[in-house]
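For reference, the structure discussed in these notes is given below.
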Amino acid sequence: MNSTNEPRRSTSSAAIQASLKRRYARERRFQWYGRLAVLTGFVFLFILLADIVSKGYPAFTQQYIMVEVDFDKEQLGLAADATAEQIADADYLGLIKRSLREMFPEVTSRSEKKQLYRLVSMGAEYQLRDMVMDDPGLLGQTREIWLQAHSEAGSYLKGQVAADSDQADRKVKDQQVLWLDQLRAAGRTESRFNTTFFTAGDSREPEMAGIKVALYGSFFTLLVTFFIAFPIGVSAAVYLEEFAPRNRLTDLIEININNLAAVPSIVFGLLGLAVFINFFELPRSAPLVGGIVLSLMTLPTIIITSRAAIQSVSPSIREAALGVGASKLQTVFHHVLPVAMPGILTGSIIGMAQALGESAPLLMIGMVAFIMDAPTGITDPATVLPVQIYLWADSPERGFTEKTSAAIMVLMGFLIVMNALAIYLRKRFELK
Amino acid sequence: MDSPKALNSLSSAAGENVMDTGSTQETVASEAAPRIPLDIRDHGSVGDAYETIGTPLVENAKMSARKVNVYYGDKQAITDVSLDIGRNEVIAMIGPSGCGKSTFLRTLNRMNDIIPICRVEGEFSLDGEDIYGSGQDTVLLRARVGMVFQKPNPFPKSIYENVAYGPRIHGLAHNRAEMDEIVENSLRRASLFEEVKDSLDKPGTGLSGGQQQRLCIARAIAVSPEVILMDEPCSALDPIATARIEELIDELKENYTIAIVTHSMQQAARVSQRTAYFHLGKLIEVGETKQIFTMPRHELTENYITGRFG
Chain F
1 MNSTNEPRRS TSSAAIQASL KRRYARERRF QWYGRLAVLT GFVFLFILLA DIVSKGYPAF
61 TQQYIMVEVD FDKEQLGLAA DATAEQIADA DYLGLIKRSL REMFPEVTSR SEKKQLYRLV
121 SMGAEYQLRD MVMDDPGLLG QTREIWLQAH SEAGSYLKGQ VAADSDQADR KVKDQQVLWL
181 DQLRAAGRTE SRFNTTFFTA GDSREPEMAG IKVALYGSFF TLLVTFFIAF PIGVSAAVYL
241 EEFAPRNRLT DLIEININNL AAVPSIVFGL LGLAVFINFF ELPRSAPLVG GIVLSLMTLP
301 TIIITSRAAI QSVSPSIREA ALGVGASKLQ TVFHHVLPVA MPGILTGSII GMAQALGESA
361 PLLMIGMVAF IMDAPTGITD PATVLPVQIY LWADSPERGF TEKTSAAIMV LMGFLIVMNA
421 LAIYLRKRFE LK
Chain V
1001 MDSPKALNSL SSAAGENVMD TGSTQETVAS EAAPRIPLDI RDHGSVGDAY ETIGTPLVEN
1061 AKMSARKVNV YYGDKQAITD VSLDIGRNEV IAMIGPSGCG KSTFLRTLNR MNDIIPICRV
1121 EGEFSLDGED IYGSGQDTVL LRARVGMVFQ KPNPFPKSIY ENVAYGPRIH GLAHNRAEMD
1181 EIVENSLRRA SLFEEVKDSL DKPGTGLSGG QQQRLCIARA IAVSPEVILM DEPCSALDPI
1241 ATARIEELID ELKENYTIAI VTHSMQQAAR VSQRTAYFHL GKLIEVGETK QIFTMPRHEL
1301 TENYITGRFG
C-alpha cells in the first residue's frame, strides 16, 4: 500500500509546499491590513482627543485682576442704616469703574474708559455685592480684591492672543494689551483653577458660564432613563425569551423591536413632545420627560442585547435547575439571569452611552433652554451636556470655544465613569 | 451516530459475518476488505405493529409507562413503548444514537415539557399516580424523579450552593445546621465529600469532569428523590471517573430506583439488573441484563451488542 502511495504523496506535498508560500504571504498581508486599520483608527482618535484637550484645557483656568476697591458708601448711595435690600440694589458697577479709573488716571476719553471697564468681568459687580451682603462691615473700607477678568482680557493673559497681531483681528485692543502688561508686571494678575466652570449655570459671558446645569441635567436624565429602560427592557427580554409562546404575534413584536432600534432619535423627540408634554402635560425642559424619551430610544437596544445574552445561556443550566425541581421562574431568576447579567449590562451601558450623547430628541422637548440655576430634581428645567456643547459651539464669543472643548472633556469623563461602573458591576457578576 | 470504526474494531473478533437480517447489503466483498457494517436504518423484522420481546413489565413497578408515543413536530421519536421500572433496580437503556432512549428517559420526569414542539402520548405512573395527569405538578414530580445529565452541568455557583439549591427552594432545611447536614450527606453519598470538604465555597465549575458529575449526582440526591434518571452520565468522563460513578450507582441502588441511558454496553452490563434495547424509537427487547448480553433473543439486539451496526 505504502509503495503505491509514495510517489503520489511526494507530488502532492510539493504542490502543498508551493501553495504554502502563497498562503502564508496572504496571511501576512492580511495581518498588515489589520495593523494598518488599527493604526489609522488610533491616529484619528489621537487627533480628535489632542484637538479637544489642547483647545479645552485653558478653560479649566481662570484669570483674575487685583483691583483696589474703596467701598465708599456715598458712591454706593447707601446710608448708614441701609437695609439688605438696599445693599443688594446698590451700584457696585460704579464702584468698580471708579477703582479702575483710579488705577489708570491717564485714561480720560470716553472710548478709552469703555475699553478699560472691559478688563474685568461683567460678573465682578455681583462678586462685590455678595461680599458686602456677607459682611456689611466692609462698607467704608478699602480692600484689594481679586476680580474675575473679562474673557477677552483673560484670553490675552492666557497667551491665546498674540500682542503683535493685527488689532482688527482681535477683540483685545492695543490699549488693553498695554494695561494688562502693566498689571502683569505689577503682579496684579493671577491664574486660578476655574471653579466657576463647575459651579455655575449657563451665561452670556464666557467667563461666567459653567457646566453645572448640564451636568446635573444629564445625571437626572440618565437616572430616569436607567430606571425606566433597564427594568422594562430586561423584563421584556425575559418574557419574550423564556415565557412567550412562539407565534405570529411574538414574531411581529420581535420584528418591530428590531425596527424600533433603527428609528431616528429625533422621531422619539417628536413623540415625546406630542405625547408627554402636549397630552400628559408633563413639565417642559425637565429631565423627567427627557429621561422618558431617551428610555424609549434605549429600550430596543437593551431588549435586543438582553435577549441575545439570555439566549446564549447554556440550556444545560436550565435543565439542571428544572431537574432538581425549580419552577420556571426560579430557573430564570436564580440561574439564567445571573449568568446573562454581564451581557445584559454590556447592552445597557451601550444604550445608556447612546442616551448620554443624544441631543436631537431633547431639543424637541425644550431641554435646549437657557438655564442658569441647577436643577434639584427631575422636574426642574435643565439642559444636558450634548445640548450645552451644541449651544456653546454656536456662540460667537471666542471664550466659548474653549468652553465647548472643556464641556466635551467633561462629557467624556462622565462616560468613562459610567463605563467604569458598568465594568465593575459586570466583573462582580462574572463567576470563574 | 456511534463511530463505526470503534464498533467494527469491537466486533472484529466476533468471527463469521453472517448477514442474516435480510438486508440488501449482502454484496460480494473483496477478501481483504473488512466486513461491511449493517445499515442502522434497517428495521429487520420489526414492523409498525410490533411486540417487545422479553419482560418489559414487572410486578410492583416503581414507574410504569404504557403505549408511549412521542413526537417532535411531525417526526415520531418513540413508537408504542411499554416499560416498567422496578423498585430499587438499576435499569439500563441501550441502543444506537437517535433510538429514542434519552427521549423516553426524559418523558419520565416530564423534561420534554420544555421543548415546545414535543408531544407525548401514553400513560405514565409513579407509584400508581398519573405523571401527566392534570393534578400532577412538574415541580413536585421532578423533586421525586431526579435527573443527572450527559454533560456535567453544575451551576456556576459554589459547591455548597450547588447541593443546597434544591433543598432550599423546596424548603427541606429549616436552618443552617440542617442544610449543612444535607449538603454533607449528599456529598458523602456521591463519594465526593472527602475531596471537596475544604473547598465548599469554591465554584463547582472548577472541579474536574468526574468530580463535576458526582457533584451533579449529589445535587440530584440532595432533594431525596425516589427515582434517579441518568442520561449517559459517563459519556464525557475518562475510565477512572467512569469507574467511580459506576461504583456510586451500585451503592445508590440500595435506596433509589435508577434508570440509566448509556452508550457503553460494558457499563450497562456492569451496573444494571435489567436492560432495555431501543431501536429507532421502538423498544425491541427487555430482559435480565445477563440474558440480554449472553442470549439476546432478537436479532437487532444481537447485532447491536455484537457491534454489527455501522
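So the protein lines, in turn, are chains F and V.
For the first sequence, our numbering assigns the number 1 to the initial residue and increments by one for each residue that follows.
For the second sequence, our numbering assigns the number 1001 to the initial residue and increments by one for each residue that follows.
For every residue, glycine included, the Cβ atom is placed at its ideal position computed from N, Cα and C.
None of these values were measured; they are calculated from a predicted model.
Name, in chain order, the residues that DSSP records as bridge partners for residue 35 of chain F. Within the first sequence, residue 35 of chain F is the residue found at index 35, counting from 1. Answer is none; residue 35 of chain F lacks a bridge partner.
Within the region 1115-1145 of chain V, ranges of the beta strand (DSSP E) (whole runs, at least 3 residues): 1118-1126
Classify residue 1185 of chain V as helix, strand or coil using the three-state DSSP reduction. Stepping through the second sequence from its first residue, residue 1185 of chain V is reached at position 185. Reduced to three states, the DSSP call for residue 1185 of chain V is helix.
Specify, as a first and last residue, the run of the alpha helix (DSSP H) that residue 84 of chain F falls within. As a first step, residue 84 of chain F must be located in the first sequence, where it is residue number 84. Unbroken alpha helix (DSSP H) run through residue 84 of chain F: 84-89.
By Cβ distance, which residues of its chain are closer than 8 Å to residue 269 of chain F, with the 5 residues on each side in sequence left out? In the first sequence, the residue the question calls residue 269 of chain F occupies position 269. If we look at residue 269 of chain F and ignore the five residues flanking it on each side, its Cβ neighbours are 293, 360, 361, 362, 363, 364, 365.
Quick check on DSSP: helix, strand or coil for residue 371 of chain F? In the first sequence, residue 371 of chain F corresponds to position 371, counting from 1. Here residue 371 of chain F sits in coil by DSSP.
For residue 211 of chain F, report the span of its beta strand (DSSP E) as first-last. Numbered from its first residue, the first sequence carries residue 211 of chain F at position 211. Where residue 211 of chain F is concerned, there is no enclosing beta strand (DSSP E), given that its DSSP letter is neither H nor E.
What does residue 69 of chain F pair with, by DSSP beta-bridge criteria? For the purposes of this step, residue 69 of chain F is taken as the residue at position 69 of the first sequence. Partner(s): F:143.
Looking at C-alpha atoms only, which residue of F:29, F:129, F:35 is the closest neighbour of residue 69 of chain F? Position 69 of the first sequence, counted from the start, is the residue given in the question as residue 69 of chain F. Of F:29, F:129, F:35, the residue nearest in Cα terms is F:129.
Does the ligand ADP have even one heavy atom less than 8 Å from the beta-carbon of residue 180 of chain F? Only the bare structure without any ligand can be found here, which leaves the ligand ADP out of the picture.
Got a sec: which bits of the region 310-332 of chain F sit with their beta carbon under 9 Å from any beta carbon on chain V, in order along the chain? 314, 315, 316, 317, 318, 319, 320, 321, 322, 323, 324, 325, 326, 327, 328, 330
Give me whichever residues DSSP pairs with residue 1093 of chain V in a beta bridge. Numbered from its first residue, the second sequence carries residue 1093 of chain V at position 93. For residue 1093 of chain V, which the question treats as bridged, DSSP gives the partners V:1261, V:1276.
Out of curiosity, what's the CA-to-CA distance linking residue 211 of chain F and residue 161 of chain F? Taking the first residue of the first sequence as position 1, residue 211 of chain F is located at position 211. Taking the first residue of the first sequence as position 1, residue 161 of chain F is located at position 161. Cα-Cα distance, rounded: 25 Å.
Relative to chain V, which residues along the region 245-277 of chain F have a C-beta separation below 8 Å, given in chain order? 245, 246
Alpha helix (DSSP H) runs contained entirely in the region 1145-1225 of chain V, provided each spans 4 or more residues: 1159-1170, 1176-1189, 1193-1196, 1209-1222
Do residue 288 of chain F and residue 387 of chain F have their C-beta atoms closer together than 9 Å? As a working mapping, residue 288 of chain F is identified with position 288 in the first sequence. As a working mapping, residue 387 of chain F is identified with position 387 in the first sequence. Not a contact, by the Cβ cut-off of 9 Å.
Relative to the C-alpha of residue 1194 of chain V, which candidate in V:1276, V:1062, V:1135, V:1214 has its C-alpha closest? One-based indexing of the second sequence puts residue 1194 of chain V at position 194. Nearest C-alpha to residue 1194 of chain V: V:1214.
By DSSP, does residue 15 of chain F sit in helix, in strand, or in coil? Position 15 of the first sequence, counted from the start, is the residue given in the question as residue 15 of chain F. Helix.
Residue burial classification, residue 1266 of chain V (beta-carbon count within 10 angstroms, cutoff 16): Here the question's residue 1266 of chain V lines up with position 266 in the second sequence. By the neighbour-count rule (16 or more Cβ atoms within 10 Å), residue 1266 of chain V is not buried but exposed.
The alpha helix (DSSP H) with residue 412 of chain F in it runs from where to where? Translated into positions along the first sequence, residue 412 of chain F becomes position 412. First-last of the alpha helix (DSSP H) with residue 412 of chain F: 399-429.
Near-chain V residues of the region 329-358 of chain F - C-beta to any C-beta below 8 Å: 330, 334, 335, 338, 339
Using a Cβ cut-off of 8 Å, which residues of the region 1111-1127 of chain V contact any Cβ in chain F, in chain order? 1111, 1114, 1116
When the cut-off is 9 Å and only beta carbons count, does residue 1146 of chain V lie next to chain F? Numbered from 1 along the second sequence, position 146 holds the residue referred to as residue 1146 of chain V. Yes - at least one Cβ of chain F is within 9 Å of the one on residue 1146 of chain V.
Rounded to whole angstroms, what is the Cα-Cα separation between residue 200 of chain F and residue 368 of chain F? As a position in the first sequence, residue 200 of chain F is number 200, starting the count at 1. As a position in the first sequence, residue 368 of chain F is number 368, starting the count at 1. So the two alpha carbons sit approximately 17 Å from each other.
Where residue 115 of chain F and residue 167 of chain F are concerned, what is the direct C-alpha to C-alpha distance, given to the nearest angstrom? Locating residue 115 of chain F in the first sequence gives position 115, where the first residue counts as 1. Locating residue 167 of chain F in the first sequence gives position 167, where the first residue counts as 1. The straight-line gap from Cα to Cα measures roughly 14 Å.
Does residue 1252 of chain V have its Cβ less than 9 Å from a Cβ in chain F? Here residue 1252 of chain V refers to the residue found at position 252 of the second sequence. No, residue 1252 of chain V does not count as interfacial toward chain F.
Beta carbon of residue 66 of chain F, beta carbon of residue 146 of chain F: below 9 Å? As a position in the first sequence, residue 66 of chain F is number 66, starting the count at 1. As a position in the first sequence, residue 146 of chain F is number 146, starting the count at 1. Contact: yes.
Under 7 Å by beta carbon: chain F residues contacting residue 1165 of chain V: Along the second sequence, read from residue 1 onward, the residue named residue 1165 of chain V stands at position 165. Per Cβ cutoff of 7 Å: 324.
Express the C-alpha separation of residue 408 of chain F and residue 76 of chain F in angstroms, rounding to a whole number. Here residue 76 of chain F refers to the residue found at position 76 when the first sequence is read from its first residue. Here residue 408 of chain F refers to the residue found at position 408 when the first sequence is read from its first residue. The alpha-carbon atoms of residue 76 of chain F and residue 408 of chain F are separated by roughly 42 Å.
Since residue 1271 of chain V and residue 1090 of chain V are thought to touch, with beta carbons under 8 Å apart, how far apart are those beta carbons, to the nearest angstrom? Here residue 1271 of chain V refers to the residue found at position 271 when the second sequence is read from its first residue. Here residue 1090 of chain V refers to the residue found at position 90 when the second sequence is read from its first residue. So it is a contact: roughly 5 Å between Cβ atoms.
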